[in-house]
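Participant: Quick mapping for you: the protein sequence lines, in order, are chains A and B. Under my numbering, think of the first position of the first sequence as 7, with each following residue one higher. Under my numbering, think of the first position of the second sequence as 914, with each following residue one higher. Ideal Cβ placement from N, Cα and C applies to all residues, glycine included. What you are looking at is a predicted structure, and each value in this text was computed from that prediction instead of being measured.
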Amino acid sequence: MLQFPKLINSTIFWISQNKWLLFTFIVSLVLYFLPSPEGLSISGYRILIIVFIAISLIISESIPLPGIAFIIITLEVYFGIGDANSIAQSFMNDAVFFVMGSLMLAVAIVRQGWDKRIALGIIWLTGNKTHNVAFGFAAISALLTAFVGEHTVAAIMLPIALTLVRYTSKDIKKVTRLAAYLLFSIAYGSLIGSVGTPSGGGRNVILIHYWQEFGMPEISYLEWMKYAYPLIFVQIPILSWILRKNFTPEYSKLDTGIRRLKTQVTKSDTITPQKITALVIFFLVFLGWIIFSESIGLGIIALTGVVLYLVTGLVTWNDLHKHVNWGVILLFGSTISMGTQINNTGAAAWLANNLIIFAGDLLSTVPIITDTIVVLLTTFLANVLSSSATVAVLGPITLNLPGDPIHIGLVMAFASAFGFFTAVAAPACTIIYASGLVKAKDF
Amino acid sequence: MKILIAISSKEYSKPTLQVGMWIAKAFNASVTIAYVGQKFSAFATSDIGLAEESIAKWGIDRPGVKVLEWAFNYLAEHKYFNAETIETGFQRNTLVDRGKNRLELFLKGTFCEDVNLILRRGDIIPELRNEVHREGYDITIIGGSKKRRMAHDLVQYIDSSIFVVNNFLEHQEYRLLQAVDDSKGTEKALEYGSQVAKAFNFAADVLTVSKRDIFGKGYMGAHKKALRAFEKVGIKPNSMLKVGDPVKTVLDTATKNHLIVMGVSHLNPIIKFLKGSKPLHVMKQCSCPILIVK
Chain A
7 MLQFPKLINS
17 TIFWISQNKW
27 LLFTFIVSLV
37 LYFLPSPEGL
47 SISGYRILII
57 VFIAISLIIS
67 ESIPLPGIAF
77 IIITLEVYFG
87 IGDANSIAQS
97 FMNDAVFFVM
107 GSLMLAVAIV
117 RQGWDKRIAL
127 GIIWLTGNKT
137 HNVAFGFAAI
147 SALLTAFVGE
157 HTVAAIMLPI
167 ALTLVRYTSK
177 DIKKVTRLAA
187 YLLFSIAYGS
197 LIGSVGTPSG
207 GGRNVILIHY
217 WQEFGMPEIS
227 YLEWMKYAYP
237 LIFVQIPILS
247 WILRKNFTPE
257 YSKLDTGIRR
267 LKTQVTKSDT
277 ITPQKITALV
287 IFFLVFLGWI
297 IFSESIGLGI
307 IALTGVVLYL
317 VTGLVTWNDL
327 HKHVNWGVIL
337 LFGSTISMGT
347 QINNTGAAAW
357 LANNLIIFAG
367 DLLSTVPIIT
377 DTIVVLLTTF
387 LANVLSSSAT
397 VAVLGPITLN
407 LPGDPIHIGL
417 VMAFASAFGF
427 FTAVAAPACT
437 IIYASGLVKA
447 KDF
Chain B
914 MKILIAISSK
924 EYSKPTLQVG
934 MWIAKAFNAS
944 VTIAYVGQKF
954 SAFATSDIGL
964 AEESIAKWGI
974 DRPGVKVLEW
984 AFNYLAEHKY
994 FNAETIETGF
1004 QRNTLVDRGK
1014 NRLELFLKGT
1024 FCEDVNLILR
1034 RGDIIPELRN
1044 EVHREGYDIT
1054 IIGGSKKRRM
1064 AHDLVQYIDS
1074 SIFVVNNFLE
1084 HQEYRLLQAV
1094 DDSKGTEKAL
1104 EYGSQVAKAF
1114 NFAADVLTVS
1124 KRDIFGKGYM
1134 GAHKKALRAF
1144 EKVGIKPNSM
1154 LKVGDPVKTV
1164 LDTATKNHLI
1174 VMGVSHLNPI
1184 IKFLKGSKPL
1194 HVMKQCSCPI
1204 LIVK
């Protein structure tokens, strides 16, 4: 039996570990009993309380992600914002299918072992000069991420960079700047590329979902690419220049590293029928996104790709199950549901109107002011909350601001990819941070 | 007896591992050496797992494995493993995933059955607390930290005796400073202290501090009992009766070549949390190794 002092001590420990949870609970309870502000419906006010709870819990990670997701959807029902069925309907949609599908596609693609071929490609393109190699890492990461997602690219590129670093010097302390230079080229390259196409990141698909859900004009896969993809080519050289200035590598040439990497990958890399099949399936998925995404949705196409990978035996369900973060999928569903309710209850319009009143005529007369507000809000939240959750929460509000919703949505998508300042902003940043070779302050 | 040794890197953890293994050997205790890696955003746990599997295919270790390998080599060099284990070497592919971010490597020791290496990921205090809860360790050995909060949390939340290896010097001749009063914690602390002194042949100072000029029956009784306990294990202790503030006096008496041994405070946990306790204050301020016995 637990002794009384031990019980007290365990309680103190629980409190010390759950300060944010308690803070969130107390503040939201106080807010609940306060009258709703003028012009805002009760359900609108209550959904904003849920937004506060969600943001606070996501930032603090005081409870597991699925727990946050369940808090959001259950409170939507308890607060009378919607009935169980309507909330369930807003919870599952094509954007969630896409997130689920893209996470599974990532596992399937990483499993095929294309990393060695990519390594050979980079070496062939860049030669052995460190700056060229880093530029190659950034460019390949950005160009690939636009199609396969940043977590896939980071997982593929990370071992290549780490191997190169290890082959350059066995003592990692002698190549810390080189390691940081290459790893940031991958992470930031992936971030830049993630806005290139709608399938580059879950947040892009959330925006497309909001445009559809709120009856706003939409753009096709290719139209999105037309707006966004060229930006990647502008950003890559700027990124490389900034990284070059910040992380002057210890070696200007990577002769030994490149030579040994080349030997290793040439020895072990073979093109198998499985690898070709995997590539063909992904190409079909990509074609599907371009041709059919408007009629059947990006998510359904991604899931079709997953089915093909499973049917051909290129990936097993156990593998998918193990490596797919179901908590993230549930959280996506719940934040999108919350975003939909922010719009439906009028809370988004109320917040946008207050912003318009606060800014006076500036918002309607100087369009760049709206863009600036959207960029600042999105960039700030993306760096503390994660970029996808930011778009899910802020999307309904910013899309209600004066101006073309397509324009505002794209500004938001681009700004959300500027999660350069923290390791939590994007999966690619967290993946390189987890390697232990870059520090939080490096971001 | 079961001992948990928490290590962080080969640069900083050598004294912790060294002292930890000495103590484990002295008590014939089974040992677990734990490395607690950094906690990452829950958003990216699966992505990190996928990336780590990818890098493993390239023969690159995940963070922490190198530290465990260093610990293995240190233990092998000092013959803490049996010959077969030393010959087999560090087998990174035999790290067993026990779920909840815990990987484990079972090995056979020389002075005890088990010498395990484990890799955990998360915040250090909750991870060590979970590990102690799970395996029921008697002593947790950890290196000194500059973070004052860390000392507080270790004493408050970890349910085992705590040994903080502060500024340990390998060739220093250490003395044991046994702090004694009439509290409940003193008895067990005395048991540990006398065993350690016996195992390492340390000279011992038995210190009792009274706030008043008079030493009451309880204090004198405890002091005499402590002297007898050391004499029983063949050590003639130096008796010290001092007047003053207990924390300040212990700190003033302890030199760099002392190992302080104190019993844990049995104050109400809420009071300990808010105001601290004598062992906690000593632990926060001392610059020598300290063992707080629970």
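1) Exposed or buried, what is A:Tyr227 when buried is set at 16 or more other beta-carbons lying within 10 Å of its beta-carbon?
2) Exposed or buried, which one is A:Asn324 when buried takes at least 16 other CB atoms within 10 Å?
3) Would you call B:Ser1178 buried or exposed, if buried means 16 or more other Cβ atoms sit within 10 Å of its Cβ?
4) If we call anything under 7 Å between Cβ atoms a contact, is A:Ser340 one with A:Ala75?
5) Between the alpha carbons of B:Cys1201 and B:Asn1170, how many angstroms are there, rounded?
6) How would you list, in chain order, the residues of chain B whose beta-carbon sits under 8 Å from the beta-carbon of A:Gln280?
7) Label B:Tyr1070 either buried or exposed according to how many other C-beta atoms from any shown protein chain fall within 10 Å of its C-beta, with 16 as the threshold for buried.
8) Just the chain B side, please: which residues come within less than 8 Å of A:Val113 by C-beta, in chain order?
9) Is B:Phe1212 helix, strand or coil when you go by DSSP?
10) Jot down the residue ranges of each uninterrupted beta strand (DSSP E) in the region 143 to 191 of chain A, minimum 3 residues, whole runs only, in chain order.
11) Give the residues from the region 995 to 1006 of chain B that approach chain A closer than 8 Å (Cβ to any Cβ), ordered along the chain.
12) Can you give me the C-alpha to C-alpha distance between B:Phe1081 and A:Val444, rounded to a whole angstrom?
13) Give a yes or no on whether 7 Å exceeds the smallest Cβ distance from B:Asp960 to chain A.
14) From the DSSP output, which residues share a beta bridge with A:Lys273?
15) Around the Cβ of A:Ser422, are there at least 16 other Cβ atoms within 10 angstroms (buried) or fewer (exposed)?
16) I want to verify the contact list: residues of chain A whose CB lies under 7 Å from the CB of B:Ile973, in sequence order.
17) Can you tell which of A:Gly107, A:Ile32, A:Pro41 and A:Ile59 has the C-alpha that lies nearest to the C-alpha of A:Thr80?
18) Could you check whether the region 948 to 961 of chain B touches the region 974 to 994 of chain B, counting it as contact only if at least three pairs of C-beta atoms, one from each stretch, sit closer than 8 Å?
19) Going by DSSP, what residues sit across from B:Pro1203 in a beta bridge?
20) Assign A:Tyr227 to one of three DSSP states: helix, strand, or coil.
21) Specify the secondary structure class of B:Gln1091 as computed by DSSP and reduced to three states.
22) Helix, strand or coil, according to DSSP, for B:Tyr948 in the structure here?
23) At a CB distance below 7 Å, what residues from the region 329 to 362 of chain A approach chain B? Give them in sequence order.
24) Is the distance from the Cβ of A:Pro72 to the Cβ of A:Gly319 below 7 Å?
25) Check the Cβ of B:Pro1039 against every Cβ in chain A and list those closer than 9 Å, keeping chain order.
26) Name the chain A residues that come within less than 9 Å of B:Tyr1070, Cβ to Cβ?
27) Rounded to a whole number of angstroms, what is the C-alpha to C-alpha distance between A:Val57 and A:Val399?
28) Does A:Met7 come out as helix, strand or coil in the three-state DSSP assignment?
29) Is there contact between the region 183 to 200 of chain A and the region 166 to 173 of chain A, where contact requires at least three CB pairs shorter than 8 Å?
30) Can B:Ala984 and B:Ile1038 be called in contact, C-beta distance under 7 Å?
31) At a Cβ threshold of 7 Å, is A:Met7 touching chain B?
32) Skipping 5 residues on each side, what residues in its chain have a beta carbon closer than 6 Å to that of A:Met7?
33) With a Cβ-Cβ cutoff of 7 Å, do A:Trp217 and A:Glu224 count as a contact?
34) According to DSSP, is A:Val116 part of a helix, a strand, or is it coil?
35) Report yes if the CB atom of B:Glu1048 is closer than 7 Å to the CB atom of B:Ile1031, and no otherwise.
Facilitator: So, from the listed chains and residues:
1) Walking along the first sequence from the start, residue 227 of chain A turns up at place 221. Label assigned to A:Tyr227: buried.
2) On the first sequence, residue 324 of chain A is found 318 positions in, with the first residue counted as 1. A:Asn324 comes out exposed.
3) Taking the first residue of the second sequence as position 1, residue 1178 of chain B is located at position 265. Buried.
4) Position 334 of the first sequence holds residue 340 of chain A. Position 69 of the first sequence holds residue 75 of chain A. Against a cut-off of 7 Å, the Cβ pair of A:Ala75 and A:Ser340 comes out as a contact.
5) Your numbering for residue 1201 of chain B matches position 288 in the second sequence. Your numbering for residue 1170 of chain B matches position 257 in the second sequence. Going from the Cα of B:Cys1201 to the Cα of B:Asn1170 covers about 7 Å.
6) Within the first sequence, the letter at position 274 stands for residue 280 of chain A. What A:Gln280 touches in chain B: nothing, since even the nearest Cβ is about 15 Å away.
7) As a working mapping, residue 1070 of chain B is identified with position 157 in the second sequence. It counts as buried.
8) Your numbering for residue 113 of chain A matches position 107 in the first sequence. Leu963, listed in chain order.
9) This structure cannot settle anything about residue 1212 of chain B, because the visible part of chain B is limited to 914 through 1207.
10) none
11) none
12) On the second sequence, position 168 is the one that residue 1081 of chain B refers to. On the first sequence, position 438 is the one that residue 444 of chain A refers to. Their Cα atoms are separated by approximately 30 Å.
13) Indexing the second sequence from 1 puts residue 960 of chain B at position 47. Chain A contact via Cβ: present.
14) Taking the first sequence and counting its residues from 1, the one referred to as residue 273 of chain A is at position 267. In the DSSP output, where bridge partners are listed per residue, A:Lys273 has none listed.
15) Taking the first sequence and counting its residues from 1, the one referred to as residue 422 of chain A is at position 416. Buried.
16) What you label residue 973 of chain B is simply residue 60 of the second sequence in a count that begins at 1. Neighbours of B:Ile973 on chain A, chain order: Pro165, Leu168, Thr169 and Arg172.
17) By 1-based counting over the first sequence, the position of residue 80 of chain A is 74. The candidate whose alpha carbon is nearest that of A:Thr80 is A:Ile59.
18) yes
19) Walking along the second sequence from the start, residue 1203 of chain B turns up at place 290. Sequence check: residue 1203 of chain B is Ile here, not Pro. Answer is B:Val1077 and B:Ile1173, bridged to B:Ile1203.
20) As a first step, residue 227 of chain A is located in the first sequence; it is residue number 221 there, counting from the start. Residue state, collapsed to three classes: helix.
21) Counting from 1 along the second sequence, the entry for residue 1091 of chain B is found at position 178. In this structure, B:Gln1091 counts as strand in the three-state DSSP scheme.
22) Taking the first residue of the second sequence as position 1, residue 948 of chain B is located at position 35. In the structure shown, B:Tyr948 sits in a strand (DSSP, three-state: E or B).
23) His329, Val330, Asn331, Gly333 and Val334
24) Position 66 of the first sequence holds residue 72 of chain A. Position 313 of the first sequence holds residue 319 of chain A. The answer is no: Cβ separation not under 7 Å.
25) As a first step, residue 1039 of chain B must be located in the second sequence, where it is residue number 126. Under the 9 Å cutoff, chain A gives Phe19 and Gln23.
26) Working through the second sequence from its first residue, we reach residue 1070 of chain B at position 157. Those are Asn15, Ser16, Ile18, Phe19 and Ser22, listed as they occur along chain A.
27) By 1-based counting over the first sequence, the position of residue 57 of chain A is 51. By 1-based counting over the first sequence, the position of residue 399 of chain A is 393. Going by the C-alpha atoms only, they are around 7 Å apart.
28) Mapped onto the first sequence, residue 7 of chain A falls at position 1. With a pLDDT of 48 at A:Met7, under the threshold of 50, the modelled position of this residue cannot be trusted; read the value that follows with caution. Here A:Met7 sits in coil by DSSP.
29) yes
30) Counted from its first residue, the second sequence places residue 984 of chain B at position 71. Counted from its first residue, the second sequence places residue 1038 of chain B at position 125. Not a contact, by the Cβ cut-off of 7 Å.
31) Taking the first residue of the first sequence as position 1, residue 7 of chain A is located at position 1. Below a pLDDT of 50, predicted positions are generally treated as unreliable, and A:Met7, at 48, falls in that range; no measurement from the model is reported.
32) Taking the first residue of the first sequence as 1, we reach residue 7 of chain A at position 1. Note that A:Met7 scores a pLDDT of 48, beneath 50, so its modelled location is shaky; the value from the coordinates is reported in the next line. There are no such residues.
33) Reading the first sequence from its first residue, position 211 is the one you call residue 217 of chain A. Reading the first sequence from its first residue, position 218 is the one you call residue 224 of chain A. Yes.
34) Position 110 of the first sequence, counted from the first residue, corresponds to residue 116 of chain A. If DSSP states are grouped into helix, strand and coil, A:Val116 belongs with the helices.
35) On the second sequence, position 135 is the one that residue 1048 of chain B refers to. On the second sequence, position 118 is the one that residue 1031 of chain B refers to. No; because the gap between Cβ atoms is not below 7 Å, this pair is not in contact.
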